[in-house]
Amino acid sequence: MMTVSRRSIDGVTEITVQYQSVHVGHDMEPGKLHLTKDERSALASSLEQDIPMAKILDETREAYSPGQRFGLTTRKDLHNICRDYKIGKTGVLHSDDATSVTLMVKNMQNSPHDPVLIFKPVGDEMN
Numbered sequence: 010m011m012t013v014s015r016r017s018i019d020g021v022t023e024i025t026v027q028y029q030s031v032h033v034g035h036d037m038e039p040g041k042l043h044l045t046k047d048e049r050s051a052l053a054s055s056l057e058q059d060i061p062m063a064k065i066l067d068e069t070r071e072a073y074s075p076g077q078r079f080g081l082t083t084r085k086d087l088h089n090i091c092r093d094y095k096i097g098k099t100g101v102l103h104s105d106d107a108t109s110v111t112l113m114v115k116n117m118q119n120s121p122h123d124p125v126l127i128f129k130p131v132g133d134e135m136n
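In the working numbering, the protein residues as written are 10 to 136.
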């Protein structure tokens, strides 16, 4: 909202502006907010671990808090995260299982949200 008034005294014009710098008029709607980068990353990590979407949604709803978007996560949000983080686009990377697993692990290790804690390729010794 902005109010402008103009007043002239002895040939001098004075302009006064009053404004409201933030949006007012209705309550904040958490459903219209976006998930934070950290929330999206945490959800992506769960999806990469093949945790079922229904279980992830149940857990996010348990964390519901008025005014927070995370507790209102939807299946569509999870599908969008899968798309954005390229989750679920797996296939056979190589006909040899050991090579295919090694390639898959290397792909995950190169991603910004690396879920791999430790990996020992077939034939290698643990240090």
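Ideal placement from N, C-alpha and C gives every residue a C-beta, glycine not left out.
If I follow the unbroken beta strand (DSSP E) through Thr-22, where does it start and stop?
21-28
So, Arg-78 versus His-43, is the Cβ gap smaller than 8 Å?
yes
N-terminal and C-terminal residue of the beta strand (DSSP E) that Thr-12 is part of
11-18
Kindly confirm or deny that the region 53-64 and the region 13-26 touch, where touching means at least three C-beta pairs closer than 8 Å.
They do not touch, by the three-pair rule.
Could you check how far apart the C-beta atoms of Ser-55 and Ile-65 are, in whole angstroms? I think they sit under 8 Å.
Yes, Ser-55 and Ile-65 are in contact; Cβ-Cβ is about 5 Å, under 8 Å.
Which residue marks the beginning of the alpha helix (DSSP H) containing Ile-65, and which one marks its end?
62-71
Going by DSSP, what residue range makes up the alpha helix (DSSP H) through Thr-111?
106-118
Terminal residues of the continuous alpha helix (DSSP H) containing Glu-57?
Glu-57 -> alpha helix (DSSP H) spans 46-57.
Let me know the secondary structure DSSP gives Leu-42 once reduced to three states.
coil
Give the range of the alpha helix (DSSP H) segment to which Asp-123 is assigned.
Under the DSSP assignment, Asp-123 falls outside any alpha helix (DSSP H); it carries neither an H nor an E label.
Give me the residue from Gly-40, Ala-51, Val-131, Val-114 with the minimum Cα distance to Ile-90.
Of the candidates Gly-40, Ala-51, Val-131, Val-114, the one whose C-alpha sits nearest the C-alpha of Ile-90 is Ala-51.
Less than 6 Å between C-beta atoms, sequence neighbours within five positions excluded: which residues of the same chain meet that for Ile-213?
The requested residue 213 does not occur in the structure, where the chain is confined to residues 10 to 136.
In angstroms with no decimal places, state the Cα-to-Cα distance between Asp-106 and Leu-87.
29 Å
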